[in-house]
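Counting from 1, position 233 in the sequence shown corresponds to residue 233 in full-length UniProt numbering; the numbering is continuous, with no gaps. In what follows, a structure is listed as structure tokens, so that the remarks can point back to it.
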Amino acid sequence: MLRRPLKLGEPAVDFDLIGFEDEGDANVKKRAGSEDSDPPYSTQRTPQMGQAPPLGAQLSAQLLQQLLASQVFQQMSAQHLWQLQMQAGSRPSSVQPSMHSSPHISPQISPQPSPQLAFVPQLLLSPLTTPNPSHASPEHSRPQSPDSRPASPPQQPQPAPSPFPVGLQGFHPQPHTIRHSLNMETGMHQVFWHVDALKLKGQERQTVSPSFELPFEGQVNFRLVLLPKPNPDGKGGASLKKSGGVGSVHLKCEAARGLVNFFVSISSGRADFKRDPRGPVQHNFAELSTCGLPKGQEMWDFTKAVDKETQTFAVCLEIASLPA
1 MLRRPLKLGE PAVDFDLIGF EDEGDANVKK RAGSEDSDPP YSTQRTPQMG QAPPLGAQLS
61 AQLLQQLLAS QVFQQMSAQH LWQLQMQAGS RPSSVQPSMH SSPHISPQIS PQPSPQLAFV
121 PQLLLSPLTT PNPSHASPEH SRPQSPDSRP ASPPQQPQPA PSPFPVGLQG FHPQPHTIRH
181 SLNMETGMHQ VFWHVDALKL KGQERQTVSP SFELPFEGQV NFRLVLLPKP NPDGKGGASL
241 KKSGGVGSVH LKCEAARGLV NFFVSISSGR ADFKRDPRGP VQHNFAELST CGLPKGQEMW
301 DFTKAVDKET QTFAVCLEIA SLPA
């Protein structure tokens with residue numbers, strides 16, 4: 001550096017002329033300036049590759065996703081939201097859903113869904129969460145596999161058909177009772193007298209039915225009477241026990257009037273029993289109060305008509321009134 005010579009009485013002031021510095025002094029100043037500006041140990045670090053973005057950036061990304069989702073799910077069905085969330089989960093993202101819990105949600109802002117779609121945010125924020133079946137609609141429910149369906153209860157065995165007609169199933173007639181009906185096709189009255197099978201082992205000389213009424217010229221009372229087969233030798237009194245259950249059927253009119261036409265048969269009281277009516281017999285009760293079948297047709301083997309379940313047999317009378 002060039003220095004001007006001092007004059008007498010001038011103060012000694014040292015100054016440099018710009019542009020006229022010595023090359024050596026300039027190099028020294030440059031080194032000194034670089035040492036002052038760059039400390040030997042720097043406290044700042046350059047960001048490395050793969051480092052996670054700042055927390056503010058993460059929260060901003062989460063809030064943006066939630067706000068976008070709250071606008072989108074109001075216009076789309078739950079099924080579409082489920083598919084979009086599953087597709088989004090397959091791509092890399094800064095926020096990944098947990099396998100055991102829902103993703104972290106910022107406490108500052110949370111989407112407010114409408115009451116009608118209260119179950120959609122659960123599907124959106126956690127695709128692995130099973131929807132509540134009480135809120136799921138029928139059209140969105142998944143069909144169950146055959147293995148997961150509950151087993152159907154075993155079928156109950158169907159009862160075998162009864163050999164008897166439906167109307168006579170469980171038929172248990174009471175002994176010593178009368179059943180009366182009218183055949184609309186023939187116009188004849190049908191009377192069934194149910195007899196206890198023990199009567200065939202009794203010593204009675206006759207067995208009489210309860211009285212029954214028929215509408216012949218007013219109400220007319222009738223009775224049926226069983227008589228045992230007479231003994232061949234004629235010794236002793238006859239009974240159904242001695243005759244082996246063989247006897248005859250007689251019709252008695254207590255009014256002793258009226259002209260009738262009738263048939264007689266025996267039965268077990270069930271519809272499958274084949275009856276063999278005998279007759280017809282015309283009789284005027286004004287002449288004789290009791291009448292039976294003609295000779296040669298009057299005897300019946302009552303033991304063949306005994307029902308094994310009810311231990312009864314039935315005497316059947318079909319009768320109609322004739323004009324006088």
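Backbone N, C-alpha and C fix where the C-beta goes; we use that ideal spot for every residue, glycine too. It should be emphasised that the depicted structure is a prediction, and the values quoted were computed from it without experimental measurement.
Checklist entry - Since residue 232 contacts residue 242 with CB under 8 Å, what's their CB separation in whole angstroms? => result Looking up residue 232 in the sequence shown gives position 232. Looking up residue 242 in the sequence shown gives position 242. The pair is not a contact, with the Cβ atoms about 11 Å apart (cut-off 8 Å).
Checklist entry - Quick one: is residue 32 buried, meaning 16 or more other Cβ sit within 10 Å of its Cβ, or exposed? => result One-based indexing of the sequence shown puts residue 32 at position 32. The predicted position of residue 32 is uncertain, since its pLDDT is 49 and thus under 50; no value can be drawn from it.
Checklist entry - Are the Cβ atoms of residue 320 and residue 189 separated by less than 8 Å? => result Position 320 of the sequence shown, counted from the first residue, corresponds to residue 320. Position 189 of the sequence shown, counted from the first residue, corresponds to residue 189. Taking 8 Å as the Cβ cut-off, residue 320 and residue 189 qualify as a contacting pair.
Item to check | Nearest candidate by alpha-carbon position, reference residue 178, set 185, 235, 186 and 214 | outcome: Taking the sequence shown and counting its residues from 1, the one referred to as residue 178 is at position 178. Nearest option by C-alpha distance: 214.
Checklist entry - Which residue comes first and which comes last in the beta strand (DSSP E) that contains residue 327? => result Outside the displayed range of the chain (1 to 324) lies residue 327, so it cannot be described from this structure.
Item to check | the segment 244-262 / the segment 196-216 touching (three or more Cβ pairs under 8 Å) | outcome: yes
Checklist entry - Enumerated in chain order, which unbroken segments of the beta strand (DSSP E) with a length of 3 residues or greater are wholly contained in the segment 256-302? => result 259-267, 278-284, 290-292 and 299-301
Checklist entry - Can you tell me whether residue 268 is buried or exposed, with buried defined as 16 or more other CB within 10 angstroms of its CB? => result Start at 1 with the first residue of the sequence shown, and residue 268 comes out as number 268. By the neighbour-count rule (16 or more Cβ atoms within 10 Å), residue 268 is buried.
Checklist entry - Hey, how far is the Cα of residue 176 from the Cα of residue 316? => result The sequence position of residue 176 within the sequence shown is 176, counting from 1. The sequence position of residue 316 within the sequence shown is 316, counting from 1. One C-alpha to the other measures close to 13 Å.
Next on the checklist: Please report the distance separating the alpha-carbon of residue 292 from that of residue 173.
Outcome noted: Start at 1 with the first residue of the sequence shown, and residue 292 comes out as number 292. Start at 1 with the first residue of the sequence shown, and residue 173 comes out as number 173. Those two C-alpha atoms are separated by around 26 Å.
Checklist entry - Where does residue 93 sit, in a helix, a strand or coil, going by DSSP? => result Numbered from 1 along the sequence shown, position 93 holds the residue referred to as residue 93. Because the pLDDT of residue 93 is 44, which lies under 50, any placement of that residue in the model is unreliable, and the number read from its coordinates should be weighed accordingly. In the structure shown, residue 93 sits in coil (DSSP, three-state: anything other than H, G, I, E or B).
Checklist entry - Which whole-angstrom value is the C-beta distance of residue 207 and residue 252, which I expect to be below 8 Å? => result For the purposes of this step, residue 207 is taken as the residue at position 207 of the sequence shown. For the purposes of this step, residue 252 is taken as the residue at position 252 of the sequence shown. The Cβ separation is near 13 Å, so there is no contact.
Checklist entry - For residue 224, is the classification buried or exposed, using 16 other Cβ atoms within 10 angstroms of its Cβ as the cut-off for buried? => result Translated into the one-based positions of the sequence shown, residue 224 becomes position 224. That one is buried.
Checklist entry - Thinking just about the alpha-carbon of each residue, which of 64, 183, 263 and 304 is nearest to the one in residue 279? => result Mapped onto the sequence shown, residue 279 falls at position 279. Selected option, being the one with the closest Cα: 263.
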